[in-house]
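Novice:
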Amino acid sequence: MNVTQLSAFVSNKPGHLQKVLKVLAENNINIITLTIAETVDFGILRMIVNDAEKGHKVLKDNNITASITDVLALEIDDTPGSLYKALDVFAKMNLNIEYMYAFSEKRQGKAVMIFRFEDIEAAKTALQDNGYNIVRKIDIIGEN
Amino acid sequence: MFNKEIECMPVKKLKELQLERLKWSIRHAFDNVPFYKKKFEAAGFHPDQFKDFDDMQRIPFLTKQDMRDNYPYGLFAVPLNKIVRVHASSGTTGNATVIGHTKNDLNVFSELVARSLSSYGVTGDDIIQVAYGYGLFTGGLGLHYGSERLGALTVPMSGGNTPRQLMFIKDFGVTVFGSTPSYALNIADFIEKNMPDFKMESTKLRIGVFGAEPWTEGMRSEIERRLKIDAYDIYGLSELMGPGVSYECKNKSGLHLGEDNFYAEIINPDTGELLPEGERGEIVYTSLTKEALPVIRYRSRDITRLFRDGCSCGRTLIKMDRVTGRSDDMLIIRGVNVFPSQIESVLMKFEGIEPHYQIIVDRKGPLDDIEVMVEVNERLFSDEIKVMNDLSKNISNHFKSSLGISAKITLVEPQTIPRSEGKSARVIDKRKI
Numbered sequence: 002m003n004v005t006q007l008s009a010f011v012s013n014k015p016g017h018l019q020k021v022l023k024v025l026a027e028n029n030i031n032i033i034t035l036t037i038a039e040t041v042d043f044g045i046l047r048m049i050v051n052d053a054e055k056g057h058k059v060l061k062d063n064n065i066t067a068s069i070t071d072v073l074a075l076e077i078d079d080t081p082g083s084l085y086k087a088l089d090v091f092a093k094m095n096l097n098i099e100y101m102y103a104f105s106e107k108r109q110g111k112a113v114m115i116f117r118f119e120d121i122e123a124a125k126t127a128l129q130d131n132g133y134n135i136v137r138k139i140d141i142i143g144e145n
Numbered sequence: 032m033f034n035k036e037i038e039c040m041p042v043k044k045l046k047e048l049q050l051e052r053l054k055w056s057i058r059h060a061f062d063n064v065p066f067y068k069k070k071f072e073a074a075g076f077h078p079d080q081f082k083d084f085d086d087m088q089r090i091p092f093l094t095k096q097d098m099r100d101n102y103p104y105g106l107f108a109v110p111l112n113k114i115v116r117v118h119a120s121s122g123t124t125g126n127a128t129v130i131g132h133t134k135n136d137l138n139v140f141s142e143l144v145a146r147s148l149s150s151y152g153v154t155g156d157d158i159i160q161v162a163y164g165y166g167l168f169t170g171g172l173g174l175h176y177g178s179e180r181l182g183a184l185t186v187p188m189s190g191g192n193t194p195r196q197l198m199f200i201k202d203f204g205v206t207v208f209g210s211t212p213s214y215a216l217n218i219a220d221f222i223e224k225n226m227p228d229f230k231m232e233s234t235k236l237r238i239g240v241f242g243a244e245p246w247t248e249g250m251r252s253e254i255e256r257r258l259k260i261d262a263y264d265i266y267g268l269s270e271l272m273g274p275g276v277s278y279e280c281k282n283k284s285g286l287h288l289g290e291d292n293f294y295a296e297i298i299n300p301d302t303g304e305l306l307p308e309g310e311r312g313e314i315v316y317t318s319l320t321k322e323a324l325p326v327i328r329y330r331s332r333d334i335t336r337l338f339r340d341g342c343s344c345g346r347t348l349i350k351m352d353r354v355t356g357r358s359d360d361m362l363i364i365r366g367v368n369v370f371p372s373q374i375e376s377v378l379m380k381f382e383g384i385e386p387h388y389q390i391i392v393d394r395k396g397p398l399d400d401i402e403v404m405v406e407v408n409e410r411l412f413s414d415e416i417k418v419m420n421d422l423s424k425n426i427s428n429h430f431k432s433s434l435g436i437s438a439k440i441t442l443v444e445p446q447t448i449p450r451s452e453g454k455s456a457r458v459i460d461k462r463k464i
């Protein structure tokens, strides 16, 4: 199972990011981790939240351009060289990482990385063949 | 067809009628308006010398400035007690332009609007909601009296108050809607944003009558798709009359000009030289029947071309292209002439781009910079920067190849470009030239 990421288009101007966060806050959407890719004029806010579908809907309702995408969440050891080894799997399979970011907190002593691939299924297969644990949506947001 | 005898008149006969009326109109202006008399004499022209269309070129042009200088009644050719209505332009850039109408002028005005409506397939059985502004602006009253002349049920809504517009469209069973094209898009936005359950299919609306500002084929298809109607162009200018000077037929391939009331020429806007039929340039009008304020060789600043294509609708009246710009809002960017409408047609080639855009021209240092702001909706959005950058680059390349200019494309959030309920301000020129 993949993790659903919520992305939003934000102008690179004071107050604009805050407006997005306000909408999410008012609708009780909790952000588990986030990253921003920025250009001179705009940024793309990418988030893992507790309810991506609902987040998408409330942003849309407030005229904020947003989308949801499947990304891969991968658990790795929190030790030197672990990320290097994981990336080695992708390099060998010639799988290009579009972008990646990390979870801010450790989970049971392990680090969690988020990857965006063109072909997410190929990446998953490659990782599983190499004994990696792919984190499911339910593990991240918890059951409720 | 509202007036088949005129609208389908053989071209030769139509030209005879025009020539005869031209002679009257030029004489009328000369005899009754001291301004024209002085102007004609200064150019060495006397109405007796006017024999044929070729002689038009000896007559000096009338400009918008001339009209302002004669504020308010200086160009009237009849006593004030024969004038029954005035219209006026806003006058934001100087004195207002005041246009008077006699009873007969208004008759002609409503007939031309009735002809336009009838040309779109509107009949006396239709219910027409007029969402053009009422008042000194010619749009509202112009469409109103044309609609009544046709015998249609006329709803004089005027502009604005979108929820009420939609309520009446639904409750009154409105079949025809008239407004500026940008207001129509405004309504489509409003429905999408605030009334997701409002289905255009559940209304009886079938035809839209749009004019009073330049618009493009791209905007037409956007309006037709989103409002589920047939959208037609109506053209006019208050200096001549108002809407109805020319109008599209079902073919949507140019606007038929009311040649029995107006004579049109195309000139090179820079030199004033007459251009042959079919060439693009500034359209210059001479009124043929106007009593209150005869207009002789008025420089409209509208850019178009005139042609006869044996239109399959049966009308023999000459056609003009949809006005693609004005010779005075033409932008000269690094020496390249660009009309805002050309910029729009480049944007319209991209799937998903909405017709809301803004062009900012500025000069930082010696060169002009052009920035085009495009709103990013869900169809254009991607979570990958490279996809977004490719989009800007792609649009920019199209500008380069179709218009020869380098434009900076700025992607902005939805609803950041101001919508207007009247004419859109799409171009901001910050250059101090």
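Sequences listed follow chains D and W, in order.
The first sequence begins at 2 in our numbering and counts up by one.
The second sequence begins at 32 in our numbering and counts up by one.
In this text, a Cβ means the ideal position worked out from N, Cα and C, and glycines have one as well.
Quick caveat, the model's predicted, so the values are computed rather than measured.
Rounded to whole angstroms, how far is the Cβ of W:S277 from the Cβ of W:Y266, which I believe are closer than 8 Å?
Specialist: For this step, residue 277 of chain W is matched to residue 246 along the second sequence. For this step, residue 266 of chain W is matched to residue 235 along the second sequence. Rounded, the Cβ-Cβ distance is 5 Å, consistent with contact.
Novice: So, is W:R332 buried or exposed, given that buried needs 16 or more other C-beta atoms within 10 angstroms?
Specialist: What you label residue 332 of chain W is simply residue 301 of the second sequence in a count that begins at 1. Under this definition W:R332 is a buried residue.
Novice: Thinking just about the alpha-carbon of each residue, which of W:S149, W:D400 and W:K68 is nearest to the one in W:R462?
Specialist: The residue labelled residue 462 of chain W in the question sits at position 431 within the second sequence. Taking the Cα of W:R462 as reference, the smallest distance to any Cα among W:S149, W:D400 and W:K68 is reached at W:D400.
Novice: List the whole-angstrom C-beta distance separating W:I327 from W:S56, where the pair is believed to meet the contact cut-off of C-beta under 8 Å.
Specialist: Working through the second sequence from its first residue, we reach residue 327 of chain W at position 296. Working through the second sequence from its first residue, we reach residue 56 of chain W at position 25. That pair is a contact at about 7 Å.
Novice: So, at 6 Å on beta carbons, what are the nonlocal neighbours of W:L143 in its own chain, with the 5 sequence-adjacent residues on each side left out?
Specialist: On the second sequence, residue 143 of chain W is found 112 positions in, with the first residue counted as 1. Once the five neighbours on either side are set aside, the close Cβ partners of W:L143 are G275 and G289.
Novice: Can you give the Cα-Cα distance for D:I33 and D:D140, rounded to whole angstroms?
Specialist: In the first sequence, the residue the question calls residue 33 of chain D occupies position 32. In the first sequence, the residue the question calls residue 140 of chain D occupies position 139. Going by the C-alpha atoms only, they are around 12 Å apart.
Novice: Would you list the residues sitting across from D:S68 in a DSSP beta bridge?
Specialist: Counting from 1 along the first sequence, the entry for residue 68 of chain D is found at position 67. In DSSP, D:S68 forms a bridge with D:S8.
Novice: I need the straight-line Cα distance from W:T124 to D:A26, nearest angstrom please.
Specialist: Locating residue 124 of chain W in the second sequence gives position 93, where the first residue counts as 1. Locating residue 26 of chain D in the first sequence gives position 25, where the first residue counts as 1. Note that W:T124 scores 47 on pLDDT, short of 50, meaning its location in the model is unreliable and no value can be drawn from it.
Novice: Using a beta-carbon distance below 8 Å, is W:D414 in contact with chain D?
Specialist: Taking the first residue of the second sequence as 1, we reach residue 414 of chain W at position 383. Chain D contact via Cβ: present.
Novice: Does the beta-carbon of W:P371 have 16 or more other beta-carbons within 10 angstroms, so that it is buried, or is it exposed?
Specialist: Counting from one through the second sequence, the residue named residue 371 of chain W turns up at place 340. With 16 or more neighbouring CB atoms inside 10 Å of its own CB, W:P371 falls in the buried class.
Novice: For W:E38 and W:Q373, what's the separation of their Cα atoms in angstroms?
Specialist: To locate residue 38 of chain W, count along the second sequence from 1; it is residue 7. To locate residue 373 of chain W, count along the second sequence from 1; it is residue 342. Going by the C-alpha atoms only, they are around 32 Å apart.
Novice: Heavy atom of the ligand MN less than 7 Å from the Cβ of W:T128, yes or no?
Specialist: Ligands in the displayed structure: none, and consequently the ligand MN is not present.
Novice: In terms of DSSP beta bridges, what is D:N134 paired with?
Specialist: For the purposes of this step, residue 134 of chain D is identified with residue 133 of the first sequence, where counting begins at 1. Partner(s): D:E76.
Novice: Tell me the DSSP secondary structure of W:E288 in three-state form.
Specialist: Numbered from its first residue, the second sequence carries residue 288 of chain W at position 257. Before going on, a small fix: residue 288 of chain W reads as Leu here, not Glu. Reduced to three states, the DSSP call for W:L288 is strand.
Novice: Buried or exposed for D:K58, please, with buried defined as at least 16 other CB atoms from any protein chain shown within 10 angstroms of its CB.
Specialist: Working through the first sequence from its first residue, we reach residue 58 of chain D at position 57. Around the beta carbon of D:K58, fewer than 16 other beta carbons sit within 10 angstroms, so the residue counts as exposed.
Novice: When the Cα atoms are used, what is the spatial distance from W:T441 to W:F107?
Specialist: Here residue 441 of chain W corresponds to residue number 410 of the second sequence, with the count starting at 1. Here residue 107 of chain W corresponds to residue number 76 of the second sequence, with the count starting at 1. In a straight line, the C-alpha of W:T441 is about 49 Å away from that of W:F107.
Novice: Cα-Cα, which of W:D97, W:D393, W:L268 and W:L422 is closest to W:E406?
Specialist: Looking up residue 406 of chain W in the second sequence gives position 375. The shortest C-alpha separation from W:E406 is found at W:L422.
Novice: Go ahead and pull the three-state DSSP assignment for W:V153.
Specialist: Here residue 153 of chain W refers to the residue found at position 122 when the second sequence is read from its first residue. In this structure, W:V153 counts as coil in the three-state DSSP scheme.
Novice: Note down, in chain order, each residue of its chain lying with its Cβ closer than 7 Å to the Cβ of D:T5, except the 5 sequence neighbours on either side.
Specialist: In the first sequence, counting from the first residue as 1, residue 5 of chain D sits at position 4. Answer for D:T5: A53, I69, D71 and K138, listed in chain order.
Novice: Can you find a C-beta in chain W that's less than 8 Å from the C-beta of D:T34?
Specialist: One-based indexing of the first sequence puts residue 34 of chain D at position 33. For D:T34, the answer is no, since every Cβ of chain W falls outside 8 Å of its Cβ.
Novice: Please tell me whether D:L18 has its Cβ less than 8 Å away from any Cβ of chain W.
Specialist: For the purposes of this step, residue 18 of chain D is taken as the residue at position 17 of the first sequence. Taking Cβ atoms only, chain W never reaches closer than 8 Å to D:L18, which makes this a no.
Novice: Pull out every residue of the stretch 39 to 52 of chain D whose Cβ sits closer than 7 Å to any Cβ of chain W, in chain order.
Specialist: T40, D42, F43, I45 and R47
Novice: Which residues share a DSSP beta bridge with D:Y100?
Specialist: Taking the first sequence and counting its residues from 1, the one referred to as residue 100 of chain D is at position 99. According to DSSP, D:Y100 shares a beta bridge with D:R117.
Novice: Would D:L7 and D:L75 qualify as a contact pair, given that the criterion is a beta-carbon distance under 8 Å?
Specialist: By one-based count along the first sequence, residue 7 of chain D stands at place 6. By one-based count along the first sequence, residue 75 of chain D stands at place 74. Cβ atoms of D:L7 and D:L75: not closer than 8 Å.
Novice: Could you compute how far the alpha carbon of W:G249 sits from the alpha carbon of W:E375?
Specialist: Taking the first residue of the second sequence as 1, we reach residue 249 of chain W at position 218. Taking the first residue of the second sequence as 1, we reach residue 375 of chain W at position 344. Going by the C-alpha atoms only, they are around 8 Å apart.
Novice: Please report the straight-line C-alpha distance between W:F33 and D:V41, rounded to a whole angstrom.
Specialist: Against the second sequence, residue 33 of chain W aligns to sequence position 2. Against the first sequence, residue 41 of chain D aligns to sequence position 40. Distance between the alpha carbons of W:F33 and D:V41 is about 57 Å.
Novice: State the CB to CB distance for the pair W:R52 and W:T320, rounded to an integer number of angstroms; the pair is presumed to be in contact (CB under 8 Å).
Specialist: Residue numbering aside, residue 52 of chain W sits at position 21 when the second sequence is read from its first letter. Residue numbering aside, residue 320 of chain W sits at position 289 when the second sequence is read from its first letter. Sure, about 6 Å apart at Cβ, within 8 Å.
Novice: I need the straight-line Cα distance from D:S12 to W:T133, nearest angstrom please.
Specialist: In the first sequence, residue 12 of chain D corresponds to position 11, counting from 1. In the second sequence, residue 133 of chain W corresponds to position 102, counting from 1. Rounded to whole angstroms, D:S12 to W:T133 spans 55 Å at the Cα level.
Novice: If we call anything under 8 Å between Cβ atoms a contact, is W:A162 one with W:G209?
Specialist: Counted from its first residue, the second sequence places residue 162 of chain W at position 131. Counted from its first residue, the second sequence places residue 209 of chain W at position 178. It is a contact, given that the beta carbons lie within the stated cut-off.
Novice: Given a limit of 8 Å on CB to CB distance, which residues of the stretch 54 to 82 of chain D reach chain W?
Specialist: K61, N64, I65, T66, A67, S68 and T70
Novice: Go through its chain and collect everything with a Cβ distance to W:D136's Cβ below 7 Å, but skip five positions before and after it.
Specialist: In the second sequence, counting from the first residue as 1, residue 136 of chain W sits at position 105. Answer for W:D136: K321, E322 and A323, listed in chain order.
Novice: Under 7 Å Cβ-Cβ, which residues of chain D neighbour W:L442?
Specialist: To locate residue 442 of chain W, count along the second sequence from 1; it is residue 411. Near W:L442 (Cβ distances below 7 Å), the residues of chain D are D42 and F43.
Novice: Could you name the residues of the stretch 113 to 126 of chain D whose beta carbon sits closer than 9 Å to any beta carbon of chain W, in the order they occur along the chain?
Specialist: R117
Novice: Quick check on W:N101: buried or exposed, where buried means 16 or more other Cβ atoms within 10 Å of its Cβ?
Specialist: Residue 101 of chain W sits at position 70 when you count from the first residue of the second sequence. Result: buried.
Novice: Return the CA-CA distance between D:N134 and D:G56, expressed in angstroms with no decimal places.
Specialist: As a first step, residue 134 of chain D is located in the first sequence; it is residue number 133 there, counting from the start. As a first step, residue 56 of chain D is located in the first sequence; it is residue number 55 there, counting from the start. If I take the Cα positions, the gap works out to 27 Å.
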